[in-house]
Structures are given as C-alpha cells and as structure tokens.
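Novice: Here this note's numbering is used: the sequence shown runs in plain steps of one and ends on residue 1247. Take this structure first; my questions come after.
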Amino acid sequence: MELIERDEELGRLREALGHAGDGQGRVVLITGAVASGKTALLHAFAEHVVPAGGRFLGAAGSRTERSLRFGIMGQLFHAARLPAPAAQRTAELLRDPAFAGELGDPGGETPARLRAGDQRRAQVLQELFTAVVDLGEQGPLVLAVDDLHHADTASLHCLLYLARRLRCAPVVLVLTESIRPQSPQPLFRAELLSQPYCVRVSLPPLSNRGLGQLAAARLDARASTELTDSLAISGGNPLLARALIEDQVWPADGSAPAALHLGITFGQAVLGCLYRHEEPVRQVARALAVLGDQAAPEPVARLIGVVPEAAAQLVRLLDMSGLTDRGRFRHAQMAATVLDDMPIDDRRELHARAANLLRDDGAAPTVVAAHLIAAGTTGDAPWTVPVLHDAAEQALAAGKPELAGSCLRLAIEAGTDERQRAISTALLVNAQWQVNPVTASGHLGELVAAARADRLPARETLATVPYLLWEGRVTDAVDALERVAADADRLPVETAARLRAMKLLVSASNPAHLAGVRQTCGTGTTMSAAPEPVGPPLQAVTLLAGVLTQTPDDELAAGAEHLLQWCEFDGNTLGPMTAALTALLYAGRADRAAVWGDLLWHRTAAGAAPIWQAVLRTVRAEAALRLGDLGRAQEQALAALAAVPARAWGVAIGAPLSTLLLAATETGNFEDAVRHLTVPVPAAMFDTPIGLHYLQARGRYHLATTRHHAAMNDFQTCAELMRRWGTDLPALVPWRLEMARTQLRLGRPRAAGDLIREQLHGAPGNPRVHGTALRLLAATVPIERRLALLKEAAEKLQAGGDRVELAHTLADLGQTLRTLGDLARARAMVRRAYQLARECGAELLCRRLLLTEPGAGLSDVSAVPDEDADDQLSDAERRVAVLAARGYTNREIAARLHITVSTVEQHLTRVYRKLKVKRRAHLPAGLTSLADGLHEDLRLGVR
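Here is the structure:
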C-alpha cells in the first residue's frame, strides 16, 4: 500500500534503524488517531529493514488478548523462529509462575504484597532481554508492537525492561498506539518517554493535497482532480478516504461521478473507526448522532451521564479520527450509519431521553417532536401532546406535511381524552390533505361528528371547512359555520376573522351562497388596509368573492397583486396566494396571473406540498390557456394530474381537465379530448365555478366535433347557473359568446348577433372578451362592415394577450381582404395568422387555413423564424424585408421608406441571398415580431 504524506515519519524510522546498526538502540513511539495509518507505516518500514541488513519481528495488541500473559512477547519470539533449545527455554520463561499472579503497573513501584516475587521476575526479564540482544548479533533488530494500548501487562513489563537497556544494543523498539481519552498505562508511558533515546512520532490527518495524491494513485488525473474536494468529508482519515474512492461508480469517460456515493464500503469504514475506539467514545458518537444539530458537549454529557469536560475530551477524539468536525458528523450518512448500528431499543431509549432533555432546554417543538417520533412513544409526560401539536403547525408552515403527519399520529395515540384526540385529528387532516387528499377523507366524518358533539373547538371546526368543500360536502361545511357562528360574540378576534373568511370561501366556491355575502365583500384596496386580524386568508377570499359579485375593476386586480407581493410565503399562505391568482384570472388579468404564477412557482415549488404544487400548476395552466399558449397549458395541467391522482382532486378535478379539454380541442387532438372526458367528475363540481369551466370546455369540444345541440345544452346550462348565482361575469365564462359561436355554426347570424351585442354591453373593460365578441360580430354583418370590426378586434386581443383568438382574427382578416380583392395584403395576413397559430399549437386553425387558403404559400411558413439569419440583415435590409413580407410592392416600400425603387431592389437581392430564399413569397412571415408589426398592418392594412 502506497504511503501518502508519511515520508518524514518513515525517514525517522530509517534513521533509528541506522543508529541501531551502529550499536545505538532506539525506541520510537508512533501515535495517531484511529485508522490514521500507523499499521501501514509499520509495514512500509518492515519492507525497508531486511534490504538494509536488519531483521524485523512484529506483534500486534488485541482488545481480546489483554489478559493473555506475555501475549505480545510470545508473538515476537514466535516470529524469530528460534532454534529448538532457545525456543524451548524462551517458552519456559514466558510461562514462569512469577508472572502468573497480579502484577503491578509497569513503570510504577511494586506494591508491598507483590514484592516477594520481584527477584524472580527480574531474572526472567533479564533472560528475555538477553535473548532479544542475541537476535541482533547478525544485524540490527527491529521489534515492532502495533496497538500497544491493547498489550498485556506482563509484556509491558518486559518491553519497558528492554527499553531501559537499549542504549548500547543493536535494537529498535517501535511501538504504535492510538490516542485514547486516558492512557491505560500512564506510568509505563511516562517512563518510556523519559528515555533519552526514545523518539515520538505523531501522524497527522492527510491534507487536501494528500487526499488528492491518494485519489491520483487510484484514478486518472481528471477523475482524481474532480473527486479531491469531496474526499474532505473523510477528515483526512486514510481509511475513510480509500473507502470513499472504492464506493464511487465511475462513468465510462473516466470523469468523477455526478454525485458522491457513500456506499457499503464507506459505512463499514465508519464503523471500523468507531469500534477501534473505547466504549465511552462510542457512546459519545451515538449521542452526537441522536442529537444531530443540537449536539454540544453539555447536552451530550447529560444524555450519556458524564461530566461536560469528559464529553468534550471524547468529542475531540472523534474529531481527530475524521468522523466529526467540532462535534458534528462530517456527513449525514455517517450519523445514519452510527444510528443504524445501534440496537433499536437502545436507539429509541436514547431518543426519548433526548426529547426530555431538549424540551427542558427550550428547544423548538419540531426538534423535540422529531425525537419523540424516533422514540416511537411519548411516555407519560403531559407536555408531549401540546409539543407535538406545535411541531405539526410549524412543520405545515414550513411545507413539511409528512413530518406534521408523523407528529399528529403520535399525538392521537398519546391523547388522554376525546377532545384532545379530535384536535389532533383535525390537524392531521390538514397534513394528510397536502400530501394526498384521499388519505384525509376518512377522518372528515370523525371531525364532523366531533363538531356536532361539541368535542371540537371553533378554530379546529373552521379548519375542516376547506376540506369539506374540496370533497363537495357543502352542507356539512355550512353546518360547521353555523355552529361556530352561534357563539360568534365569544370568539377570539383571530377566530372571528377566520369565520368570516370561511363564510366567504363557501360563497366563492359555491356561488349559490353568494347572495348572503354580497354586501360584506370589500375591494382589494380596502382589505389591504384592514387591521391586523384581517390576514391573508380573509384578504384572499374577499378578493375572490369580490370578482364573483361585482364587475372586476383595476382596484380588485391591484388588491390581488398587493397580496401576492407582500404576503410572506410559508406552507399556510399558499392557499391565499392561489386564491389571489384565481382572482386575477377572473378579473381578466391572465397576463398578470401568469407572471405571478411563475414567480410563486419559483419561490415555493421546492418547499410546497404535492397538492399545492398541483393546484399552482393548474392555475398556471389556465393562465397559459387564456393567453393562447396551448403547449404550456397542456404541460402544466398534465403535470398537475400526474402529481396527485385524479380521485384525490375532489370537485377541483374539473380545473385541470377543463384546461386539457379546451387545449386538446384547439389543437385538434380529439382523441385526447375524449380521454379527458372519460375521467369521472363528481356531481358536486357543477355547483362550483370549476363546473362552469368544465361545461364551457365540453361544449367547445362538442362544437368542434359538430355536435351543435350538445354544445348549446352545455352553454345554456352555464347561462342558467351564472344567472341563478348572480355571477354573470364574462371573465368567468363568456357564455353568450359560446352560444353565439354555436348559433353561427347553425346558420343563425341574427341570433348570434343579438347575443354578441348583449355581451359587448356587459364587458367593456375586458379586452380579451371584447375582442372575441367583435370578431364573432364581424361574421354577422355585411362584408363592407366586417373589416373595421376585425381590425378593432385584433387590437383588443393583442392588448388582452390571447394569441389563439388573435390568430383566428388575423385569419378572418385575411379572408375578408381576399374577398375585397386586396390579395397581396390578404396573403400576408393569412401567413401571419398561420405562423401565430403554429406558435400557439393551434393545429385546428392551421389545418383550416391550409385547406381554405391554398394560394397563401403557407407550406413555406415556419413556426419559428430563423433568428440567426434575421440577425445577419442590416437595419435597412430588415426594414425593406419586413414590408416586403407584409405584401407591399417595391414602389410602396420605396415611398414609405423615402428611398428609390432601385435601392429597394438592391436590398431585397441581399435579403434573398442572406435568408436563402428565391423570391418575395418565400420571405418568413415571422421576420418581425407580431407586437412590432401588427398595429401598423392594421392601420395601413387595408386601403
């Protein structure tokens, strides 16, 4: 085995051997932490002794052989292979009865009761010394004893006798020992080190450079360089570092693994180091592993029952061996290995003691609860259930519902009465719902019964309302509110605010209940300035109820954004934040909902529970759909359904399904649409706004597949529900426009026109709805009036951000221009509509344009322009190319840019060459962005 950073120590051993060759004996004591390479150094030295003309005899101490009389000396003489007479005499000396009984400490004064055998013991030791010196007659002799701290007492007496007499003997006595909390033979060690020819050699841990050399000895240069920094967790311990290297799985290219792998070999090395220590050190290591981040000498000492000074000394030994760094394991896997090695009952008992200790020290509830969970019991202490409740609430706020669930299950087991267990169950429902609502469902019945029996406090009763609504159990939710409201005058301020929030939540999620709260809904600004008890939950549901009970305005949207901006994120505020995003959607601000949705996702996704991740993805999917980003809408909605099984969604299942159904219809993927329609939905969903979206999406599918009457039935159901609820808001579902589409397909333009005009009267502030209405209205009027309506519709839709509806409008504009005879401009507009449709993924519109506009050259239109080619154009060339792509003639381009026709022709020649096209018809439709060119096209577009 190659030695790393041990050249100096090996040199001192060789120097001692040289002195022995000159007849000057030496004693070398090698010390170091466990597994620091002492044995490897001895082996390396042994390989040097024989070539140098010497003789090497080795022995090793063992914990199990401490009681074996002359065990070490017996190993040394056995290795010498003495002639038979000498071997027999040596064996007799080692069995001499003088050493059979109790012996005094080596290096100390012999107790009076043992002095009777001193003379005989001295004779035995002298004969053994003589035998050793005789072995050195043919050259220097090396006597090496590894792990001296495990040597038997008789051998220590003999070794010390030899050490005192080596000054003129050709012998080197090399001893190794691990650093111990207390030397087992302090007098022996003191006298040994007092000898003038005794040399002490200490082995330090490997440096970073040494670790690099160790890696390089086993790996190629690239891999060793990449791995060196990771080897620092070995603390410079050669045994741990080599185990780390062996555990890695190396890629074929020889590079370091993407992630450090701590496997079986490393775990065995950790335990190997641990068990080379004495039991007190192992006890400290186990205490450190149990206490984790709370580990310090004082709590460790109390946990294992020693004084803090002793604990600190033992911790230093672990630090020196590389297992810990200032009392903390260098890697979590090291602590886990130590814990796994403990008998399970011992580990649980230690965790239970740690829980009591840390609770007395005022540790955080989550810290104490973690130890109670690991112990698997709470004992009889009355403080355990309140601590577990506090820990669960903190865990939920931190986005750790699994930890909260573990706390609460233990609290239920430890509950001393039905009321306490009911409170624990209410908290458990919250934790389980965030992971998988199906698991929480089974407890809701218990909580409803507990509330009716007055075993559930008002705060916990209100906490059940959102989960009851999620399952569509509106009657139970209302009953819970009524029970709490009966004692409203005696409620704490925060509970009263929670009661108001839950009333609004019932109304917002089940609009049939909106009538009773219309007068209580403030606007976003009002709620933002409300006193402290009006926290995020009440603010959020007030905004949501507000957009459902009044025409959305800028103040409501500003209130939603104010909440999103200033609400501090934790596991308890994701609900209010999601409600604020939904309020933005219903207020017609899908663009802002998309921006805030992305920001919220990046802030919260890593720490959010599975259900909140799914809900947030669903809102982002709906925002993307309203902005015409069909691919993103499908991606987010599918990810939401993948995160949480369909049966766990309750009435909310309609939200991602509606988005997927609309997107599949618009992309022309009717097989997917049918698959989405086969997913079961609860009947209670149709009592919620989500049900309206589902009816709209299903109606659109029916309309696209020519089931006109089925589509009309769905849209009429929307109309009836929204009128009955008093939520006839176009940003929610513009049912009049959906019915108008159907009337147009049925050939009833007059009926469609009446519906559209009614919608225009009711949605003046929503550019997305207004633009769509104008586009549909254009289909009901004579051709000469159609152009102006479509131009206005395109401007509104560009402002509203719905790119799919804008693509439909541009397509209608192109067809209208063609009908009016403006073929060049019609062709340019259709090409732009086609490209935008392809960018959005609106394949249904693309197919229609390919069929109805064969002369527009759509097969040459790419979905995404070649940005690199576009960048090759000069500014002057790009201006000419953009106008040419829009259908302008060379003379018109010259007039607009105030240049000559010849200059236009020269620019176009260079443009064709750079873009690798042959003529004007092949210029990319997306040469300039839609935002840059659309307004100008509409202003000049049609002369």
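Built from N, CA and C at the ideal position, the CB exists for glycine as well. Keep in mind it's a predicted model, so treat the numbers as computed, not measured.
Could you check what DSSP says for Asp895 in three-state terms: helix, strand or coil?
Specialist: The answer is helix: DSSP assigns Asp895 an H, G or I state.
Novice: Can you tell me whether Glu550 is helix, strand or coil according to DSSP?
Specialist: The answer is helix: DSSP assigns Glu550 an H, G or I state.
Novice: Measuring straight from C-alpha to C-alpha, what distance separates Glu319 and Glu351?
Specialist: Near 15 angstroms, if we compare the C-alpha coordinates of Glu351 and Glu319.
Novice: Look up Arg469 in the DSSP assignment and say whether it is helix, strand or coil.
Specialist: Coil, per DSSP.
Novice: Quick check on DSSP: helix, strand or coil for Gly901?
Specialist: Looking at Gly901 - three-state DSSP - the assignment turns out to be helix.
Novice: Would you report the Cα separation of Leu808 and Leu818, rounded to the nearest angstrom?
Specialist: Roughly 8 angstroms between the two C-alpha positions.
Novice: Leaving out five residues on either side along the sequence, give the residues of the same chain with a beta carbon under 6 angstroms from the beta carbon of Phe374.
Specialist: So the list reads Leu398, Ala458 and Ser459, once near-sequence residues are dropped.
Novice: With H, G and I counted as helix, E and B as strand and the rest as coil, what does DSSP make of Gly358?
Specialist: Gly358: coil per DSSP, three-state reduction.
Novice: Just the Cα atoms here: how many angstroms apart are Met638 and Ala591?
Specialist: Approximately 13 angstroms between the Cα atoms of the pair.
Novice: Do you know how far the Cα of Ala1141 is from the Cα of Val1134?
Specialist: In a straight line, the C-alpha of Val1134 is about 10 angstroms away from that of Ala1141.
Novice: Pick out the complete alpha helix (DSSP H) segments inside the region 923-962, 4 residues or longer, and give them in chain order.
Specialist: Whole alpha helix (DSSP H) segments, 4+ residues: 934-947.
Novice: The ligand GDP heavy atoms versus the CB of Ala1097: any closer than 7 angstroms?
Specialist: Questions concerning the ligand GDP fall outside what the structure shown contains, since it holds no ligand whatsoever.
Novice: Does Gly336 come out as helix, strand or coil in the three-state DSSP assignment?
Specialist: Looking at Gly336 - three-state DSSP - the assignment turns out to be strand.
Novice: Express the C-alpha separation of Arg580 and Ala339 in angstroms, rounding to a whole number.
Specialist: Whole-angstrom Cα-Cα distance: 8 angstroms.
Novice: Look at the alpha carbon of Leu766 and the alpha carbon of Leu692, and state the distance between them as a whole number of angstroms.
Specialist: Computed Cα separation, rounded: 21 angstroms.
Novice: Specify, as a first and last residue, the run of the alpha helix (DSSP H) that Leu760 falls within.
Specialist: No alpha helix (DSSP H) holds Leu760; DSSP gives it neither H nor E.
Novice: Please state whether DSSP places Thr480 in a helix, a strand or coil.
Specialist: Reduced to three states, the DSSP call for Thr480 is strand.
Novice: Using beta-carbon positions only, say whether Pro1053 and Thr1076 come within less than 8 angstroms of one another.
Specialist: Not a contact, by the Cβ cut-off of 8 angstroms.
Novice: Hey, Ala800 and Ala792 are a contact pair by Cβ (cut 8 angstroms); roughly how many whole angstroms apart?
Specialist: Right, the Cβ-Cβ distance comes to about 6 angstroms (below 8 angstroms), so this counts as a contact.
Novice: Find the nearest neighbour of Glu1099 within the set Asn1070, Thr1009, Ala1189 and Leu981, judged by alpha-carbon distance.
Specialist: Here the closest residue by C-alpha is Asn1070.
Novice: Using the DSSP secondary-structure output, state which residues sit across from Val446 in a beta bridge.
Specialist: Paired residues: Phe360 and Val476.
Novice: Leaving out the 5 sequence neighbours to the left and right, which residues in its chain are closer than 7 angstroms to Leu321 when beta-carbon positions are compared?
Specialist: Closer than 7 angstroms at Cβ, skipping near neighbours: Val353, Ala356, Gly358, Pro444, Val446 and Val476.
Novice: Taking 7 angstroms as the limit between beta carbons, can you name the residues of its chain near Ser611, skipping five residues before and five after?
Specialist: Checking the sequence shown, residue 611 turns out to be Val, not Ser. Cβ neighbours of Val611 beyond the five flanking positions: Ala605.
Novice: Check whether the region 782-789 touches the region 962-981, taking contact to mean three or more Cβ pairs, one atom from each stretch, closer than 8 angstroms.
Specialist: With a cut-off of 8 angstroms, the region 962-981 and the region 782-789 do not count as touching, because too few Cβ pairs lie within range.
Novice: Of all Cβ atoms in chain D, is any one closer than 8 angstroms to the Cβ of Ile1087?
Specialist: No chain D is part of this structure, which consists of one protein chain only.
Novice: Specify the secondary structure class of Ala507 as computed by DSSP and reduced to three states.
Specialist: It should be noted that the sequence gives Leu, not Ala, for residue 507. Three-state DSSP puts Leu507 in a strand.
Novice: Can you tell me whether Glu613 is buried or exposed, with buried defined as 16 or more other CB within 10 angstroms of its CB?
Specialist: It counts as exposed.
Novice: From Tyr1216 to Arg1200, what distance separates their C-alpha atoms?
Specialist: So the alpha carbons of these two residues sit roughly 21 angstroms apart.
Novice: Pick from Leu964, Leu931 and Gly932: whose alpha carbon is nearest that of Ala946?
Specialist: Cα-wise, what sits closest to Ala946 is Leu964.
Novice: Am I right that Leu731 and Leu760 are in contact with their C-beta atoms under 8 angstroms? What's the rounded C-beta distance?
Specialist: That belief does not hold up - the Cβ atoms of Leu731 and Leu760 are roughly 11 angstroms apart, past 8 angstroms.
Novice: Tell me whether the beta-carbon of Val478 lies closer than 8 angstroms to the beta-carbon of Ile334.
Specialist: Taking 8 angstroms as the Cβ cut-off, Val478 and Ile334 qualify as a contacting pair.
Novice: What is the DSSP secondary structure of Val331, reduced to helix, strand or coil?
Specialist: Looking at Val331 - three-state DSSP - the assignment turns out to be strand.
Novice: Using the C-alpha atoms, what's the distance from Trp687 back to Arg370?
Specialist: Answer to the nearest angstrom: the Cα atoms are 49 angstroms apart.
Novice: Give the straight-line distance between the Cα atoms of Cys1022 and Val752, rounded to the nearest whole angstrom.
Specialist: Taking the straight line from one Cα to the other gives about 32 angstroms.
Novice: At what residue ranges does the region 595-625 contain a whole run of the alpha helix (DSSP H), taking only runs of 4 or more?
Specialist: Complete alpha helix (DSSP H) runs here, min 4: 601-608 and 612-624.
Novice: Which complete alpha helix (DSSP H) runs does the region 359-408 hold, if anything under 4 residues is left out?
Specialist: Runs of the alpha helix (DSSP H) inside the region 359-408: 375-384 and 388-398.
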